[in-house]
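With positions in the sequence shown counted from 1, the corresponding number in the numbering used here is that position plus 838.
Note that CB positions come from ideal geometry on N, CA and C, so glycine has one too.
Only one structure is covered here, and it is reproduced in the block below.
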Amino acid sequence: MKTIATSGLVLCLALAPSVVRAEMSADDRAFATALEARLRGLDVQKQNCGRGVRIANIQAGQVLDRTERRAYGDTRGGLTSQEKISSPADDARSCERVIEAERSTIQAALADPDRLHYESERLRVDLREELLSLLMDVRAASAVLNAQSSYEEFSLRMGAIGNRLTFIRYRYHIALSRGDHRALGVPISEACNALYAAAGEWKQAHRAAREVASAQAAASRALPWHVDYFQRQVREAQLKHAQAQRRLTDNTTTALTLVHSATRVARHGESASAVSRNR
């Protein structure tokens, strides 16, 4: 009888995680599955951390050799053992501490359904805030594009957008994979793509304008019997510039339309959230 009771207890304990997982929402289950996958990835990362220690050990002999050379006046020396060895080893230990801290956080969330739900929802909220910040960057870049005031400033703003996109894809890949805020993220992504297309056309127009100026300068210095040739060069450069400007105008119109659409979606979502809170 005691054996049967013990077996039943073991079976209940084994089934407990499955029962808890079944009671979770679909989003929380997806979040838990992604965290478990992340744990497996951390194991691989930790193995890679050890490479720093191995590199340090390999370099130790080389450093000692260089130290000896310096002691004997050999010009090939120049570094101390501490200068050469400490950095890889310290990096490895730091890498392991970061991984263990993340592992502990994930394990704690997986062991507590309430915490798991909280972290899942916080990830969703944080993603929305990051998307809204991205939209602000997109709107600022589109304003520069619309005014065509400074290609250099526009390039800097597009660089900032690229960095934020990279951060979002890395930091919120779990939330993105389960479709969080897709209604907001898709139009913002489309606006970003349109801005990148416009950036390419503005670069071409910018280059074409320089070619026109260069051709005009060459024509102004041309000898009389070379004027016709250089005038043809000017006309060709002007035609190329005009075509680039038309493409830029078309891409700018598309980009501004998509930015406006993304802004409208964001504002509609904020209004809906406000109504929901008031209820």
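- By the Cβ neighbour-count rule, residue 963 is exposed, with fewer than 16 other Cβ atoms within 10 Å of its own.
- Excluding residues up to 5 positions away in sequence, 1075, 1076 and 1079 lie with their Cβ nearer than 6 Å to the Cβ of residue 1050 in the same chain.
- Note that the C-beta distance between residue 1014 and residue 983 is not below 8 Å.
- In the DSSP annotation of this structure, the continuous segment of the alpha helix (DSSP H) that includes residue 951 starts and ends at 951 to 985.
- About 7 Å separates the CB atoms of residue 1029 and residue 1093; that is less than 8 Å, so the two are in contact.
- Short of 8 Å from the beta carbon of residue 937, and not among the five residues preceding or following it, lie these beta carbons of its own chain, in chain order: 880, 883, 884 and 887.
- In this structure, the straight-line span from the alpha carbon of residue 1102 to that of residue 1006 is close to 21 Å.
- Beyond the five residues adjoining it in sequence on each side, residue 978 comes within less than 7 Å, by CB distance, of 995 in the same chain, given in chain order.
- Of the other Cβ atoms in all chains shown, fewer than 16 fall within 10 Å of the Cβ of residue 1065; this residue is therefore exposed.
- Proximity to residue 1035 across 1085, 1008 and 953 peaks at 1085, based on C-alpha coordinates.
- Rounded to whole angstroms, residue 972 and residue 1081 show a C-alpha spacing of 31 Å.
- In the structure shown, the three-state DSSP call for residue 1017 is coil.
- DSSP places residue 931 in the helix class (H, G or I) of the three-state scheme.
- Note that the C-beta distance between residue 1022 and residue 969 is below 8 Å.
- Counting along the chain, the unbroken alpha helix (DSSP H) around residue 989 starts and ends at 989 to 1009.
- Here DSSP, grouped into helix, strand and coil, assigns residue 1060 to coil.
- Inclusion of residue 876 and residue 944 in the CB contact set at 8 Å is warranted, their separation being smaller than that value.
- Ranked by Cα distance from residue 1039, the first of 992, 1055 and 1071 is 992.
- Across the structure, residue 873 and residue 1001 are spaced so that their CA atoms are roughly 25 Å apart.
- In the assembly as shown, residue 958 is a buried residue. Its beta-carbon has 16 or more other beta-carbons within 10 Å.
- One alpha carbon belongs to residue 960, the other to residue 948, and they sit about 15 Å apart.
- By the Cβ neighbour-count rule, residue 1097 is buried, with 16 or more other Cβ atoms within 10 Å of its own.
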